[in-house]
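Reviewing the structure listed below.
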Amino acid sequence: GQMQWWRQLPPNFAAGALELTTYEGNTALDWWQGQITEAANGEGEGIIVNSAYEQLATVKAGNGYASDIHEFEVTPQGTAYIDAYTPVCTPVCSEAHPPVQDGVIQEIDIKTGLVMWEWHAMSQVPTSDSEVVPASGVFDAYHLNSIQLLPENKLLVSMRDTSAIYEIDQSTGA
23 GQMQWWRQLP PNFAAGALEL TTYEGNTALD WWQGQITEAA NGEGEGIIVN SAYEQLATVK
83 AGNGYASDIH EFEVTPQGTA YIDAYTPVCT PVCSEAHPPV QDGVIQEIDI KTGLVMWEWH
143 AMSQVPTSDS EVVPASGVFD AYHLNSIQLL PENKLLVSMR DTSAIYEIDQ STGA
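Start counting at 1 in the sequence shown, then tack on 22, and there's your number in the numbering used here.
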């Protein structure tokens with residue numbers, strides 16, 4: 023029941039997805055931290071600290087995205103999986119056609135920050151599978167909640183707004 027460690031976040035920042043992990047062969051903690059948008063998405067980064075709570079790495083989404091609060095999964099191979107969102111106009115953004123929040127998954131090389139793999143929900147899951155309607159000027163058709171690594175280069179991904187779990191083959195994206 024004793025506090026072990028305290029880290030004050032900057033004003034208006036939140037943290038989530040805290041996990042005990044292994045990084046570079048050693049026990050570590052990882053979490054997401056950043057700001058929460060009006061659309062309830064996170065815009066932040068992953069943090070990895072060692073057993074002395076010294077920061078070892080900061081992991082940011084690549085290709086112009088911001089990492090979301092729902093997932094930050096460090097792998098034994100020195101990569102991290104993150105989720106992100108990007109608005110997509112189909113074909114234009116208007117009041118009648120609000121932007122769709124495309125769910126993005128990236129595998130990031132922790133040391134270099136390079137995107138090793140990227141997947142977009144809109145390329146594989148039709149928006150008609152969503153169980154929600156547009157709200158507050160945006161259509162959050164997918165809402166990625168978790169990413170779990172599976173054997174054979176596959177991922178298990180849950181999406182709240184389709185009320186479904188998907189097995190994704192990283193080789194094909196299917």
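Ideal placement from N, C-alpha and C gives every residue a C-beta, glycine not left out.
What first and last residue would you give for the beta strand (DSSP E) that runs through residue i?
{"i": "Trp-53", "result": "48-58"}
{"i": "Gln-77", "result": "77-81"}
{"i": "Ala-74", "result": "Here Ala-74 belongs to no beta strand (DSSP E), and DSSP marks it neither H nor E."}
{"i": "Tyr-164", "result": "Segment: none, Tyr-164 is in no beta strand (DSSP E) and carries neither H nor E."}
{"i": "Glu-174", "result": "Here Glu-174 belongs to no beta strand (DSSP E), and DSSP marks it neither H nor E."}
Using the DSSP secondary-structure output, state which residues sit across from residue i in a beta bridge.
{"i": "Ile-130", "result": "Ala-102 and Val-137"}
{"i": "Val-114", "result": "According to DSSP, which records beta bridges pairwise, Val-114 is partnered with nothing at all."}
{"i": "Phe-94", "result": "Ile-104"}
Quick check on this structure: which residue in the options has the alpha carbon closest to the alpha carbon of residue i?
{"i": "Ala-186", "options": "Ala-157, Thr-149 and Ile-91", "result": "Thr-149"}
{"i": "His-92", "options": "Ser-168, Pro-173, Lys-176 and Ala-196", "result": "Ser-168"}
{"i": "Trp-27", "options": "Val-71, Val-155, Ala-118 and Thr-49", "result": "Val-71"}
{"i": "Asp-52", "options": "Pro-173, Glu-76, Thr-112 and Asp-191", "result": "Glu-76"}
{"i": "Arg-29", "options": "Lys-133, Ile-69 and Thr-49", "result": "Ile-69"}
{"i": "Arg-182", "options": "Thr-43, Glu-140 and Tyr-164", "result": "Tyr-164"}
Since residue i and residue j are thought to touch, with beta carbons under 8 Å apart, how far apart are those beta carbons, to the nearest angstrom?
{"i": "Val-126", "j": "Tyr-45", "result": "With a Cβ gap of about 23 Å, Val-126 and Tyr-45 do not count as contacting."}
{"i": "Phe-161", "j": "Gln-123", "result": "7 Å"}
Against chain B, with Cβ distances strictly below 9 Å, would residue i count as a contact?
{"i": "Asp-131", "result": "Here chain B cannot be found, since the structure has a single protein chain."}
For this session: May I ask you to verify whether the segment 88-106 touches the segment 142-159, counting CB pairs closer than 8 Å and requiring at least 3?
Result: no
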